[in-house]
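Trainee: Numbered continuously in UniProt numbering, the sequence shown closes out at residue 264.
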Amino acid sequence: MDRPKVSLLESSKDRLKRRLKEKDEVSFDTPNPQKTKMDKLIEILNSMRNNSRDVDSNLTTFMEEAQNSTNSEGMLSEIVQTIYHKAVTDRSFASTAAKLCDKMSLFMVEGTKFRSLLLNILQKDFTMREKLQQTDVERWLGFITFLCEVFGIMRSNAGEPFRVLVCPIYTCLRELLQSQDVKEDSVLCCSMELQSTGKLLEEQLPEMMTELLAAARDKMLGPSESPLSRSLLLEVIELHANGWNPLTPTIMQYYNKTIQKLTA
1 MDRPKVSLLE SSKDRLKRRL KEKDEVSFDT PNPQKTKMDK LIEILNSMRN
51 NSRDVDSNLT TFMEEAQNST NSEGMLSEIV QTIYHKAVTD RSFASTAAKL
101 CDKMSLFMVE GTKFRSLLLN ILQKDFTMRE KLQQTDVERW LGFITFLCEV
151 FGIMRSNAGE PFRVLVCPIY TCLRELLQSQ DVKEDSVLCC SMELQSTGKL
201 LEEQLPEMMT ELLAAARDKM LGPSESPLSR SLLLEVIELH ANGWNPLTPT
251 IMQYYNKTIQ KLTA
């Protein structure tokens with residue numbers, strides 16, 4: 001099996017499929033031309049896949065369609081909400097969603113930028129993260145994944161990462177390590193986000209990375225942690241010790257086989 005981690009994402013994929021079916025049913029009943037435009041955008045959005053060969057083409061098509069269709073701040077807000085909802089309910093789409101948001105970052109309608117609306121939604125969910133964790137764990141994990149992808153992919157006008165996201169990300173990653181619910185899912189999420197954005201995060205605030213990795217070591221040595229959690233944490237600690245550079249193929253093969261065995 002080449003997919004040791006995919007099973008942890010199935011529930012969010014199933015939930016997304018159900019919601020998309022509901023949207024499809026609604027779209028036939030509304031003659032509103034504004035809704036028709038949104039339906040076309042949703043159709044393009046749902047055709048995207050992270051590893052698809054034509055993902056860049058789909059991103060461009062979506063952006064062009066959105067720019068041609070959006071004639072009010074309300075519709076721009078709806079587009080942002082639609083992309084955001086898909087990103088946080090299907091973590092496998094988060095990277096593609098962040099690329100799309102980066103392409104549309106400076107798109108503006110009636111004086112309101114796409115980027116501003118996106119950052120406002122992220123801020124809102126950050127303030128509600130405790131409630132999300134208690135009521136919708138998948139949405140909580142999806143929010144953290146997308147937050148990290150936005151930080152890793154999107155850039156400011158000056159080509160810099162959004163420093164305003166650094167402290168919220170560190171806070172979320174620390175809370176993942178402290179979570180007593182869905183412990184392995186939380187550790188997996190923390191591990192994967194550190195593998196993709198750890199180097200960039202440490203460049204912004206190295207002292208907070210030191211604190212976070214100390215917490216990861218403490219957790220790894222805790223008596224109640226599962227072998228899977230320990231393996232995931234050890235991999236991140238070893239990656240950091242290697243300067244966030246890719247581990248050797250032999251070491252990667254070791255971790256992959258271990259995780260496959262533990263999740264079989």
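Think of the CB as a built atom: it goes at the ideal place given N, C-alpha and C, for glycine as much as any other residue.
By how many angstroms is the C-alpha of A66 removed from the C-alpha of E43?
Mentor: Those two C-alpha atoms are separated by around 12 Å.
Trainee: Who are the near neighbours of residue 279 in its chain, counting only those whose CB is closer than 6 Å to its CB and skipping five residues on each side?
Mentor: The displayed coordinates of the chain run from 1 to 264. Any statement about residue 279 would go beyond what the structure contains.
Trainee: Taking M192 as the reference, give the member of F162, P168, S229, Q253 with the closest Cα.
Mentor: M192 has its Cα closest to that of S229, out of F162, P168, S229, Q253.
Trainee: Do P227 and L262 have their C-beta atoms within less than 8 Å of each other?
Mentor: It is a contact, given that the beta carbons lie within the stated cut-off.
Trainee: How far does the alpha helix (DSSP H) with Q180 in it extend, from its first residue to its last?
Mentor: Counting along the chain, Q180 falls outside any alpha helix (DSSP H), and DSSP gives it neither H nor E.
Trainee: Curious, which full-length alpha helix (DSSP H) runs of at least 4 residues does the segment 124 to 173 contain?
Mentor: The segment 124 to 173 contains these whole alpha helix (DSSP H) runs: 129 to 135, 137 to 153.
Trainee: Looking at P161 and F126, is the spacing between their C-beta atoms short of 8 Å?
Mentor: Result no, Cβ atoms of F126 and P161 do not sit closer than 8 Å.
Trainee: Taking the C-alpha atoms as reference points, what is the distance between T112 and N157?
Mentor: Answer to the nearest angstrom: the Cα atoms are 16 Å apart.
Trainee: Quick one: does the C-beta of R174 sit closer than 7 Å to a heavy atom of the ligand NAD?
Mentor: This structure lacks the ligand NAD; in fact it carries no ligand of any kind.
Trainee: Would a C-beta distance cut-off of 8 Å place R174 and L212 closer than the cut-off?
Mentor: Contact: yes.
Trainee: Are the beta-carbon atoms of V55 and T96 separated by less than 8 Å?
Mentor: Cβ atoms of V55 and T96: closer than 8 Å.
Trainee: Counting only the same chain and skipping the five closest in sequence on each side, list residues whose C-beta sits under 7 Å from that of L76.
Mentor: Answer for L76: T70, V109, T112, F114, L117, listed in chain order.
Trainee: Buried or exposed for Y159, going by 16 or more other Cβ atoms inside 10 Å?
Mentor: The sequence shown places Gly at residue 159, rather than the Tyr named in the question. It counts as exposed.
Trainee: How would you write the range of the alpha helix (DSSP H) that L228 sits in, first residue to last?
Mentor: That run of the alpha helix (DSSP H) goes 227 to 241.
Trainee: DSSP on T112, reduced to helix/strand/coil?
Mentor: DSSP places T112 in strand when its eight states are reduced to three.
Trainee: Using three-state DSSP, classify D218 as helix, strand or coil.
Mentor: Helix.
Trainee: Could you tell me whether the Cβ atoms of M209 and L200 are closer together than 8 Å?
Mentor: The answer is no: Cβ separation not under 8 Å.
Trainee: Provide the residue span of the alpha helix (DSSP H) that contains L76, from first to last.
Mentor: Its alpha helix (DSSP H) spans residues 73 to 89.
Trainee: What do you get for R139, buried or exposed, if any count of 16 or more other CB atoms within 10 angstroms of its CB means buried?
Mentor: When all chains shown are included, R139 counts as buried.
Trainee: Roughly how far, in whole angstroms, is the beta-carbon of L205 from the beta-carbon of C190, given that I think they are within contact range, below 8 Å?
Mentor: In fact, because the Cβ distance is near 17 Å, the residues do not count as touching under 8 Å.
Trainee: Using CA coordinates, which residue listed in D181, D185, T258 is at the minimum distance from E130?
Mentor: For the residues D181, D185, T258, the minimum Cα distance to E130 belongs to D181.
Trainee: So, using beta-carbon positions, are F93 and K99 closer together than 8 Å?
Mentor: Not in contact: F93 and K99 (Cβ atoms no closer than 8 Å).
Trainee: Excluding the five sequence neighbours on either side, which residues of its own chain have a C-beta within less than 6 Å of the C-beta of L132, listed in chain order?
Mentor: Excluding sequence neighbours, L132 sits near R139, W140.
Trainee: Once DSSP output is grouped into helix, strand and coil, what is the label at D39?
Mentor: Of the three classes helix, strand and coil, the one that applies to D39 here is helix, per DSSP.
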